[in-house]
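Student: Under the working numbering, the first residue of the sequence shown is numbered 1304, with each subsequent residue one higher.
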Amino acid sequence: MLYDPDAFLDWLLAWINGRVWQLALALSAAAITLELLHVLVVRLRHRAATNGARCVEIFAPPTADMAGAEALWGNILGLLRPAWKRTLFGQPHLAFEYVFGSGGVRIRMWVPGTVPQHLVDHAIEAAWPSARTTVVEAAPPIPLSGQAIGGHLVIARSERLPLRHDQDHDPLRALLGAAVGMPGWQHSAVQILARPATGRRLTGGAGSIPVFLLRAGLDLFAPGPTRTHHKPNHGVQDHAARLEQYAEARAMRDKALQPRYEVAVRYAVQGDEGKDRAARKARRKIIRGRAHAIASAFALFSGHNHLERRRLPLPARHFASRRFGRGYLLSVPELAALAHLPMDPAVPGLQRAGANTVAPSPQVAQNGKVLGLADAGHERPVALRVIDSCHHVHVLGPNGTGKSTLLAQMIISDIQAGRGVAVVDAKGDLVADLLGLIPEEAGERIALIDPDDRQPRPALNVLSGPDLETLVDNLVGIFHKIYADSWGPRSDDILRGCALTLSRNGGILADIPALLTDPLYRKQLTERLNDPFLLGFWNWYEHLSEQAQAHVTAPIMNKLRAFLLRPFVRDILGSAQSTFDVGDVLDGKILLARLPKGVLGDDTARLLGSLLLAQVWQAASHRARLGRSRTPSALYVDETQNFLNLPHALSDMLAEARAYRLSMVLAHQHLAQLPRDLCQAVSSDARNKIYFSLSPEDAREVEHHFSPYLTRHDLANLGAFQAAARLIVRSAETPPFTLRTRPLPIPDPDLARRVRAAAARAHGRPLAQPEVLPHNDPRQRPRNGENT
């Protein structure tokens, strides 16, 4: 062969010539085998990708920008595998999908099973910190049944030329608008498949860019034919062409310097089959028009390059498989312009992100008054230590957000631990639920005040107590605040004189009308007084004519009459001897006051609840003055704005209550329910904050308590039974966090009946009229401290 190569070649050609068909068959078999192996490898890789695949649904924040999308796709470049892994297992891809239906638009990212989910989650969080994600099943974007029309968009010119991506407005606006008003039988989707481009894919065809750029520069600065066969230049037109050529060359260079993805874009519209041929034909026409509108929305990306439509057979199957063959190169800014979150603040049908979730600090307790479960990080119980609850708790949130559930859990924790509890409930649902949830053995500790309960009710003399002057001050102050629009100094003076006189003679609130209208009754009581100032008041009153007396007492009488005409109120306040001691409540007993305004009326509920609150406060302060042991106790006030009518400043009450080891839990729906001074007091002195989903106005007001961990958007977009909390631990504030309240068990009606019966046996008084009538002799009634 070396000595005579010509002879060798002749022999080789003769050998091949004699075996043409055998060689052709062998080469064909080898080519087919390689192709089959390639198809098999592709299918195995796709199966590995779809096995365990999931969709990450993205909920857009209130505002998003293009920089976030560029950050997302820049971070996801970490998916690029080493060369040996790409050779063996291929390069994984993602699918960014816009899914449209009658329920609105959903944005999600399909993630293959070979890609760690946390990589995509972290990339989304880094791109849009206020966005939220949830993992859903990797279902087909559009139904596989029915009729569908779709296509894919391809680069019209060389992939080295970029699409337009520097829009002045949101590029998605046209796409989202094309899918508005979609009927229930129609679905559509846009699918953007992307994978990081490899080094070999990037270098393919890019070597001529520097030459092209150099030639364009020479043409611009040294005009003239570059080849002898070129025609002469034609003035302005040729100069403009050279400028455009140079601009394209620069654009090509800029794109080549950026990280790039291999991309494919698909769109499809699917609709249900009609009942008959005519309906099917009409619907297909509608589907075709919708598909045309969606494809036309991508025309605004036209610049140095643009996208062209190509038909896509069986679009529903292509969308469901998410199979990605060969695509075209797009830079990160180009891909971000195609696949990003809407930047317009108002997008019809788009579900925005809810609140951010923040894990509680390790210092936050897991035992104590259980509030719920942490909804970020490791799920664990979240509780408020008993001693920390004495810094008081402000609970804020509209109806139906989980506020009552939280209060019930805290109350049950206190009752089960044997601590004293007082609950004042303006709606009535909270107490009604508690009766079916608390332990049956706690029934004997309960004093139940409920207008719907026909069993014996507890009695409470609001003019009886250890400190009569303070008691009267509270009573007069409550009336003054509740009836401020029709209450003056004279009404204040008269009510104070009556209350002091009755409290020193063992009287009750229901005796005031008799005291003011019955001279004999009034004389019997005033004869026992030795207070010259109080006697002076009655001396002034006696010198008034009957008409004058009726005139000055009318403002008091009409309010008391409206209050005392209710049998329920007379049952509670119509006995000189109380059947339970509010002081005992602070030492471990339970007071449940159910005061629904729909049953009692607004003024009656507010007045009775405020009187009960005054009794609790007076018992706490008196216990402290006597130096008695201060066991922890709690006062829960739902719909706080109705009952904070004591004459004391709320800030002073909260500060003193902490010293008494009385925890006050103040709950209401929104800040506008409280006067400005009360808002400020609650903000500064109720240091434990638990807020459910707030209005935008309230979220803006309280944001400073949670910043920078939670924003006003987070506070206004908390989910049902989700709350933002900032707790005190060992007298120090902890970072804010979010939690979810635990669902309450279903209240047991039989248990509630047994608890009611036990409470009636322990503290009830048979239902009757007040034992003191206008002409009864008060000397026959036991005074304070005497036994019946």
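Every residue, glycine too, gets a C-beta built ideally from N, C-alpha and C.
Tell me the rounded alpha-carbon separation between Val1418 and Ile1427.
Tutor: Near 15 Å, if we compare the C-alpha coordinates of Ile1427 and Val1418.
Student: For Cys1982, name the three-state secondary structure that DSSP assigns.
Tutor: Helix.
Student: What does the Cβ neighbour count give for Thr1829, buried or exposed, with the cut at 16 atoms within 10 Å?
Tutor: Answer is buried; the Cβ neighbour count reaches 16.
Student: With a threshold of 8 Å, are at least 3 pairs of Cβ atoms found where one atom belongs to the segment 1367 to 1376 and the other to the segment 1664 to 1680?
Tutor: The segment 1367 to 1376, when compared against the segment 1664 to 1680, does not touch it at the 8 Å Cβ threshold.
Student: To the nearest angstrom, report how far apart Pro1645 and Pro1465 are at their CA atoms.
Tutor: If I take the Cα positions, the gap works out to 22 Å.
Student: When the Cα atoms are used, what is the spatial distance from Ala1813 to Leu1889?
Tutor: When rounded, the distance between both Cα atoms is 27 Å.
Student: Taking the alpha-carbon positions, what's the Leu1699 to Ile1714 distance?
Tutor: Going by the C-alpha atoms only, they are around 17 Å apart.
Student: Between Val1439, Tyr1549, Arg1583 and His1468, which lies nearest to Trp1488 when the distance is taken from Cα to Cα?
Tutor: If we check each option's Cα against that of Trp1488, Arg1583 comes out closest.
Student: Which first and last residues belong to the beta strand (DSSP E) in which Ser1936 is found?
Tutor: Unbroken beta strand (DSSP E) run through Ser1936: Ser1936 to Asp1941.
Student: Among Gly1912, Ala1735, Ala1817 and Ala1567, which one has its Cα closest to the Cα of Asp1302?
Tutor: A query on residue 1302 cannot be resolved here, the shown segment of the chain reaching from 1304 to 2091 and no further.
Student: Should the segment 1759 to 1772 be called in touch with the segment 1961 to 1980, which here means at least 3 C-beta pairs below 8 Å?
Tutor: With the cut-off at 8 Å, the segment 1759 to 1772 and the segment 1961 to 1980 do not touch.
Student: Which residue wins for smallest C-alpha separation from Arg1463, given the options Met1956, Val1439, Arg1614 and Asp1557?
Tutor: Of the listed residues, the one whose Cα sits closest to Arg1463 is Asp1557.
Student: Quick check: what's the CA-CA separation for Leu1774 versus Ala1917?
Tutor: Cα to Cα, the separation comes out at about 8 Å.
Student: Quick one: is Trp1387 buried, meaning 16 or more other Cβ sit within 10 Å of its Cβ, or exposed?
Tutor: Caution applies to Trp1387, whose pLDDT of 48 falls short of 50 and renders its modelled position unreliable; the model cannot decide the point.
Student: With distances taken Cα to Cα, identify the nearest neighbour of Ala1908 among Pro1754, Gly1628 and Arg1614.
Tutor: Residue Pro1754 is the option with its Cα nearest to Ala1908.
Student: Are Leu1733 and Ser1692 close, meaning C-beta to C-beta below 8 Å?
Tutor: Their beta carbons are not under 8 Å apart, which means Leu1733 does not touch Ser1692 by this criterion.
Student: Please list the terminal residues of the continuous alpha helix (DSSP H) segment that includes Lys1584.
Tutor: Segment Arg1580 to Ser1599, the alpha helix (DSSP H) holding Lys1584.
Student: To which residues does DSSP link Gln2025 through a beta bridge?
Tutor: Arg2043, per the DSSP bridge assignment.
Student: How many Å lie between Glu1845 and Gln1827 at the Cα?
Tutor: Computed Cα separation, rounded: 14 Å.
Student: First and last residue of the alpha helix (DSSP H) that includes Glu1772?
Tutor: From DSSP, the alpha helix (DSSP H) with Glu1772 extends over Leu1771 to Ile1785.
Student: Spell out the partners DSSP gives His1971 in its beta bridges.
Tutor: His1971 is bridged to Leu1699.
Student: Report the option in Phe1871, Phe1604, Ala1922 and Thr1436 whose CA atom is closest to the CA atom of Pro1636.
Tutor: If we check each option's Cα against that of Pro1636, Phe1604 comes out closest.
Student: Does the beta-carbon distance from Leu1434 to Asn1378 come in below 8 Å?
Tutor: Per the sequence shown, residue 1434 should be read as Ala rather than Leu. Going by C-beta atoms, Ala1434 is not nearer than 8 Å to Asn1378.
Student: Where does the unbroken alpha helix (DSSP H) through Pro1684 begin, and where does it stop?
Tutor: Taken as a continuous stretch (DSSP letters only), Pro1684 belongs to no alpha helix (DSSP H), being part of the beta strand (DSSP E) at Pro1684 to Leu1687.
Student: Answer with buried or exposed for Trp1376, where buried requires no fewer than 16 other C-beta atoms within 10 angstroms of its C-beta.
Tutor: That one is buried.
Student: What's the gap between the Cα of Pro1381 and the Cα of Arg1545?
Tutor: The question names Pro, yet the displayed sequence has Gly at residue 1381. So the two alpha carbons sit approximately 39 Å from each other.
Student: To the nearest angstrom, how far is the alpha carbon of Ile1893 from that of Gly1768?
Tutor: Looking at the two C-alpha atoms, the distance is approximately 19 Å.
Student: Look up Thr2092 in the DSSP assignment and give the residues it is bridged to.
Tutor: The chain is shown from 1304 up to 2091; residue 2092 falls before or after that span and cannot be answered.
Student: Label Phe2040 either buried or exposed according to how many other C-beta atoms from any shown protein chain fall within 10 Å of its C-beta, with 16 as the threshold for buried.
Tutor: That one is buried.
Student: Quick one: is Trp1324 buried, meaning 16 or more other Cβ sit within 10 Å of its Cβ, or exposed?
Tutor: So Trp1324 counts as exposed.
Student: Go ahead and pull the three-state DSSP assignment for Met1412.
Tutor: Residue state, collapsed to three classes: strand.
Student: Would the beta-carbon of Asp1941 fall within 8 Å of that of Ala1729?
Tutor: Taking 8 Å as the Cβ cut-off, Asp1941 and Ala1729 qualify as a contacting pair.
Student: Around the C-beta of Pro1308, are 16 or more other C-beta atoms found within 10 angstroms, so that it is buried, or is it exposed?
Tutor: Looking at its Cβ environment, which holds fewer than 16 other Cβ atoms inside 10 Å, Pro1308 is exposed.
Student: By how many angstroms is the C-alpha of Tyr1401 removed from the C-alpha of Tyr1963?
Tutor: Distance between the alpha carbons of Tyr1963 and Tyr1401: 59 Å.
Student: Cβ atoms of Ala1686 and Asn1670: under 8 Å apart, would you say?
Tutor: Result yes, Cβ atoms of Asn1670 and Ala1686 sit closer than 8 Å.
Student: Can Tyr1939 and Val1726 be called in contact, C-beta distance under 8 Å?
Tutor: Yes, Cβ-Cβ distance for Tyr1939 and Val1726 is below 8 Å.
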